[in-house]
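Per our numbering, the sequence shown runs over residues -13 to 356.
Below is one structure, written out as structure tokens, with a few remarks after it.
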Amino acid sequence: MFNFKIVSQSKTGKARAGILQTPHGEVQTPIFMPVGTLGSVKSLSPEELVNAGVQIILGNTYHLYLRPGCDVIKRFSGLHGFMHWDKPILTDSGGFQVFSLAKLTQIKEEGAEFQTHLDGSTHLLTPEKAIDIQVSLNSDIMMCLDQCIAYPSSYHDAKDALELTTRWSKRCKQTWEENADKNSGLFGIVQGGMFKELREISAEALMDLGFSGYAVGGLSVGEPKELLFEIADFTLDTLTDAAPKYVMGVGTPEDLVSLVEMGADMFDCVMPTRNARNGQVFTRNGTINISNAQFKDDSNPIDQDCGCYTCRYFSRAYLRHLYLSKELLAYRLNSIHNIWHYMEITRRVREAICDGTFEAFKKYFLNKTV
Ligand SMILES: [Zn+2]
-13 MFNFKIVSQS
-3 KTGKARAGIL
7 QTPHGEVQTP
17 IFMPVGTLGS
27 VKSLSPEELV
37 NAGVQIILGN
47 TYHLYLRPGC
57 DVIKRFSGLH
67 GFMHWDKPIL
77 TDSGGFQVFS
87 LAKLTQIKEE
97 GAEFQTHLDG
107 STHLLTPEKA
117 IDIQVSLNSD
127 IMMCLDQCIA
137 YPSSYHDAKD
147 ALELTTRWSK
157 RCKQTWEENA
167 DKNSGLFGIV
177 QGGMFKELRE
187 ISAEALMDLG
197 FSGYAVGGLS
207 VGEPKELLFE
217 IADFTLDTLT
227 DAAPKYVMGV
237 GTPEDLVSLV
247 EMGADMFDCV
257 MPTRNARNGQ
267 VFTRNGTINI
277 SNAQFKDDSN
287 PIDQDCGCYT
297 CRYFSRAYLR
307 HLYLSKELLA
317 YRLNSIHNIW
327 HYMEITRRVR
337 EAICDGTFEA
347 FKKYFLNKTV
């Protein structure tokens, strides 16, 4: 049965450590969820994810619905069987990709009509369909369809989008109640643009409907970092402490630590894997670009203190060579390291919360890496 329990809380701040119970096992929060867009976290096997400490991954409904399609995945009893991942999976609703990738043709009360980025065919993503697709993926945590808006947006547009999101969320919940495994979770997504008043209205409307957890959507869409933090902090405060709080699509390791301090429990971002494929790797002292000439004959690992497979066996010089030669192993080794780095940070954050030392950890971490 889906359940969230807080096991430790910062004495002086809002950071908390919890346990999420899902149909495919427990997740210890705060947690980072690597993004498995097309049924794989790019270049990594499920075993490599487990070795890095990954507990839950995110699957993209929009992509999987288009390719390979729900019928194929259903034959494997869902995404877990299809991709050989037996731990929890959170699926998004497809809404964000419809707004960002597809050619959006029309937002209607009924749903979002779009032309796919693959073949231009026209589809209508309704709240009911968004849930039914996630049910066929056998997702552990499903997300309601929301209307994403661009930054900047007018108050009027943000208000319309949040009101539509609320009506869609109600329909999502009804479909979830009718069709989904009741042990799964369903999260509502708070919208409202960069307007606090609207964020509050959205959060309250969703809490009235009642969801297993709540996400802060519509951030990391081009707004300044200070504004992202201001809106996230405000929105997280409006949400009930009894449910998991998920900040979508964010961010750098430093962002994660700052958002944990504001009470966030869950995160996802393509940054560790996308940056890895662009040769950018994270270290405890900031990021480095592995293609830089200074690493030409550097026999050190990416990060001396990292325990990942890449750092145990491979030098910066070798990784630079692989990357510049466009060897496939470069993407895999860089991704192994970056995912390990993110998971290591969430492990340390959780430990610090449980030890009552989160504030000191945060100060140390942000001073060290900025
Ligand atoms: Zn490493």
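We put the CB at the ideal spot given by N, CA and C, even for glycine.
Note that the coordinates shown come from a computational prediction; the quantities given were computed from them, not determined experimentally.
Per DSSP, what kind of secondary structure is residue i in: helix, strand or coil?
i        : result
GLN101   : strand
LEU44    : strand
PHE300   : coil
LYS0     : coil
LEU225   : coil
TYR137   : coil
SER(-6)  : strand
VAL356   : At VAL356, the pLDDT of 44 sits below 50, so the modelled position is not reliable; the number obtained from the coordinates is stated separately. It is coil, neither helix nor strand.
LYS89    : strand
MET248   : coil
CYS292   : coil
ASP143   : helix
LEU76    : strand
LYS348   : helix
GLN371   : Not covered by the structure: residue 371. The range shown for the chain is -13 to 356.
LYS231   : strand
GLN266   : strand
VAL335   : helix
ASP254   : strand
ASN324   : helix
ILE274   : strand
VAL243   : helix
ASN(-11) : strand
SER29    : coil
LYS115   : helix
ASN286   : coil
ASP219   : helix
GLN177   : coil
LEU205   : coil
GLU163   : helix
SER429   : Summary: the structure shown does not reach residue 429, with the chain confined to residues -13 through 356, and so no result is reported for it.
LYS156   : helix
THR238   : coil
VAL211   : Contrary to the premise, residue 211 reads as Lys rather than Val in this sequence. DSSP places LYS211 in helix when its eight states are reduced to three.
GLU96    : coil
ARG53    : coil
Locate the alpha helix (DSSP H) running through residue i, then write down its first and last residues.
i      : result
HIS109 : Careful: HIS109 lies outside any alpha helix (DSSP H), inside the beta strand (DSSP E) at 108 to 111.
VAL58  : 56 to 60
THR343 : First-last for THR343: undefined, no H or E at that position.
GLY67  : 65 to 69
ASN37  : 32 to 37
Going by DSSP, what residue range makes up the beta strand (DSSP E) through residue i?
i      : result
GLN83  : Note, GLN83: premise wrong, no beta strand (DSSP E); alpha helix (DSSP H) at 81 to 86.
MET193 : Unbroken run through MET193 is the alpha helix (DSSP H), 182 to 195; no beta strand (DSSP E).
MET19  : 17 to 22
ALA201 : 199 to 202
Name the DSSP bridge partner or partners of residue i?
i      : result
GLU12  : GLN7
LEU172 : MET128
ALA316 : The partner list for ALA316 (beta bridge, DSSP) is empty, contrary to what the question assumes.
I believe residue i touches residue j by the beta-carbon criterion, under 8 Å. Please report the beta-carbon distance rounded to the nearest angstrom.
i      : j        : result
SER26  : ILE339   : Rounded, the Cβ-Cβ distance is 31 Å, inconsistent with contact.
LEU6   : PHE(-10) : 5 Å
ILE117 : ASN46    : The pair is not a contact, with the Cβ atoms about 15 Å apart (cut-off 8 Å).
CYS130 : LEU172   : 7 Å
ILE288 : THR269   : 6 Å
LEU319 : SER277   : Contact flag wrong, Cβ pair sits at about 14 Å.
ALA98  : ARG336   : Not quite, the Cβ-Cβ distance comes to about 36 Å (not below 8 Å), so this is no contact.
GLN177 : GLY203   : 6 Å
LEU222 : GLY249   : 5 Å
I need the residues with a C-beta less than 6 Å from some heavy atom of ligand 1; please give them in chain order.
ILE288, ASP289, CYS292, CYS294, THR296, CYS297, HIS323 and TRP326
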